[in-house]
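Trainee:
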Amino acid sequence: MYTLIFSIVWTVLVTIGVIAFHFEHDMSRQHIFVQIFCPLMPFAGFLFIWDSLRKYRRFKSVRVENSDEGEVFVWTDLDGSEKKDTIDPRIKWDKEDRDLSDN
C-alpha cells in the first residue's frame with residue numbers, strides 16, 4: 619500500500635516538475651540528455667503505479683478457507699491464476715518488498 623501511495627505522489631510531483639522545467643526560458647539550451655530524460659520520468663512513475671497496483675490487488679485478494687487440512691490461504695496471483703497454500707503468502711511478499719539485498 620505504501621509503495622502505491624509513494625508511486626502516485628512521486629509521479630504527480632515529477633509531472634509538475636517536468637511541466638515547470640519545460641516552460642523555463644533556457645530549456646532549449648539544456649543538454650539533449652536532459653531534454654529527453656526529464657519528459658520520460660512521469661512514464662516511469664506510471665509503470666511504478668501499475669506494478670504497485672497489481673501487487674496491492676494480489677495482497678487484498680488473499681482469503682482464508684477452511685478445509686480438511688485446516689486453514690488454506692487462497693489468492694489471485696499477478697498472472698491472474700488462483701493459488702493456494704497453507705502458509706500466509708503475505709509474509710513472504712512483505713519480506714520480498716522490503717529486502718533489497720537479494721536483488
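Counting in the numbering used here, the sequence shown runs from 619 upward without gaps. All C-beta atoms, glycine included, are put in the ideal place defined by N, C-alpha and C. In this text the structure is predicted, and so the values were computed from the model without any measurement.
1) Compute the Euclidean distance between the alpha carbons of I650 and I667, then round it to the nearest angstrom.
2) I need the straight-line Cα distance from D697 to L622, nearest angstrom please.
3) Pick from S685, V680, H640 and S625: whose alpha carbon is nearest that of I709?
4) Is the separation between the beta-carbon of T704 and that of V690 shorter than 8 Å?
5) What separation, rounded to the nearest whole angstrom, lies between the Cα atoms of V682 and F624?
6) Expressed to the nearest angstrom, what Euclidean distance is found between the alpha-carbon atoms of G635 and R676?
7) CA-CA distance, S719 and D712?
8) For a test of the three-state rule: what should DSSP assign to S685, helix, strand or coil?
Mentor: So, from the data block:
1) Taking the sequence shown and counting its residues from 1, one reaches residue 650 at position 32. Taking the sequence shown and counting its residues from 1, one reaches residue 667 at position 49. Straight-line Cα distance between these residues: approximately 27 Å.
2) In the sequence shown, the residue the question calls residue 697 occupies position 79. In the sequence shown, the residue the question calls residue 622 occupies position 4. Distance between the alpha carbons of D697 and L622 is about 19 Å.
3) Numbered from 1 along the sequence shown, position 91 holds the residue referred to as residue 709. For I709, the nearest C-alpha among the options comes from V680.
4) On the sequence shown, position 86 is the one that residue 704 refers to. On the sequence shown, position 72 is the one that residue 690 refers to. Going by C-beta atoms, T704 is nearer than 8 Å to V690.
5) The residue given as residue 682 occupies position 64 in the sequence shown. The residue given as residue 624 occupies position 6 in the sequence shown. Looking at the two C-alpha atoms, the distance is approximately 29 Å.
6) Working through the sequence shown from its first residue, we reach residue 635 at position 17. Working through the sequence shown from its first residue, we reach residue 676 at position 58. Approximately 32 Å, taken between the alpha carbons.
7) Locating residue 719 in the sequence shown gives position 101, where the first residue counts as 1. Locating residue 712 in the sequence shown gives position 94, where the first residue counts as 1. Confidence at S719 is low in this model, with a pLDDT of 49, below 50, so the placement of that residue should be treated as unreliable; the coordinate-derived value is given next. So the two alpha carbons sit approximately 14 Å from each other.
8) As a first step, residue 685 must be located in the sequence shown, where it is residue number 67. Three-state DSSP puts S685 in a strand.
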